[in-house]
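S.K.: Numbering-wise (the working numbering), the sequence shown opens with residue 20 and increments by one.
Before anything else, here's the structure in question.
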Amino acid sequence: PALLAALRKAAKDADVEFRVNGGWRSRAYQDGLRTAAVSRYGSEEAAARWVATPGKSAHVSGDAVDIGPAEAQAWLSEHGAEYGLCQIYANEPWHYELRPEAVVHGCPPMYPDPSHDPRLRE
C-alpha cells in the first residue's frame with residue numbers, strides 16, 4: 020500500500036505519463052522468469068544479474084514496481100527520492116522500490132545489478 024501511494028502521488032505530480040509494466044508477482048511467475056533467464060543467459064550466475072529467485076524477489080514481496088516509458092524513468096530518476104521511490108539497480112532503469120528515508124536523505128547508491136544486492140543472496 021505504501022509503495023502504491025507513493026507511486027500514485029509521483030504520477031499525479033509528474034509532467035509525464037507513468038506506465039506500470041510490472042508489480043507484484045507470484046512465486047510461480049517469478050520462478051518462470053528466473054528459469055527463462057537461466058536459459059537465455061546460460062547460467063544461474065548470469066541470470067542473477069537480471070532476475071531474482073522467487074524467495075528473494077522484491078516483486079514477489081510486493082516491494083518493487085517496473086515503470087515505463089523511458090520518459091517516466093528519467094523523471095523518477097530525477098524526482099523519485101522526493102516520494103521515497105528509488106532506482107535500486109544501475110542496469111535496470113525501470114525497477115523502483117520504496118525507500119521512505121530517501122525523502123530526507125536521498126536514495127542510496129545503486130547496486131550495479133541485482134547480483135550485487137546483499138538482500139538477494141541465498
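For each residue, glycine too, the CB sits at the ideal point set by N, CA and C.
Note that the structure is predicted; figures quoted are calculated from it, not measured.
Considering only C-alpha positions, which residue in the set G41, R59, P73, A100 is nearest to K28?
M.R.: Position 9 of the sequence shown, counted from the start, is the residue given in the question as residue 28. Among G41, R59, P73, A100, the Cα nearest to that of K28 belongs to A100.
S.K.: Apart from the five residues on each side of it in sequence, which residues of its chain come closer than 6 Å, Cβ to Cβ, to A71?
M.R.: As a position in the sequence shown, residue 71 is number 52, starting the count at 1. Correct list, in chain order: P133, L139.
S.K.: Determine, using beta carbons only, whether H78 and G41 come nearer to each other than 8 Å.
M.R.: For the purposes of this step, residue 78 is taken as the residue at position 59 of the sequence shown. For the purposes of this step, residue 41 is taken as the residue at position 22 of the sequence shown. The answer is yes: Cβ separation under 8 Å.
S.K.: I believe N118 touches P127 by the beta-carbon criterion, under 8 Å. Please report the beta-carbon distance rounded to the nearest angstrom.
M.R.: The residue given as residue 118 occupies position 99 in the sequence shown. The residue given as residue 127 occupies position 108 in the sequence shown. The question names Asn, but residue 118 is Arg in the sequence shown. Right, their Cβ atoms sit about 7 Å apart.
S.K.: Would V123 and V84 be called neighbours here (beta carbons separated by less than 8 Å)?
M.R.: Indexing the sequence shown from 1 puts residue 123 at position 104. Indexing the sequence shown from 1 puts residue 84 at position 65. Cβ distance not < 8 Å, so V123 and V84 don't count as in contact.
S.K.: Report yes or no: do three or more beta-carbon pairs, one from the segment 21-37 and one from the segment 89-103, lie closer than 8 Å?
M.R.: Enough Cβ pairs lie closer than 8 Å, so yes.
S.K.: Given this structure, state the Cα-to-Cα distance separating W43 from L22, to the nearest angstrom.
M.R.: Translated into positions along the sequence shown, residue 43 becomes position 24. Translated into positions along the sequence shown, residue 22 becomes position 3. Cα to Cα, the separation comes out at about 11 Å.
S.K.: Taking 7 Å as the cut-off, is the C-beta of Y130 nearer than that to any heavy atom in the ligand MN?
M.R.: In the structure on display, the ligand MN does not appear, and there are no ligands present to speak of.
S.K.: Looking only at its own chain, which residues have a Cβ that is under 6 Å from the Cβ of K75, when we skip the five neighbours before and after it?
M.R.: To locate residue 75, count along the sequence shown from 1; it is residue 56. Once the five neighbours on either side are set aside, the close Cβ partners of K75 are L139.
S.K.: Using a 10 Å radius around the Cβ and a threshold of 16 neighbouring Cβ atoms, would you call A66 buried or exposed?
M.R.: Walking along the sequence shown from the start, residue 66 turns up at place 47. So A66 ends up on the buried side.
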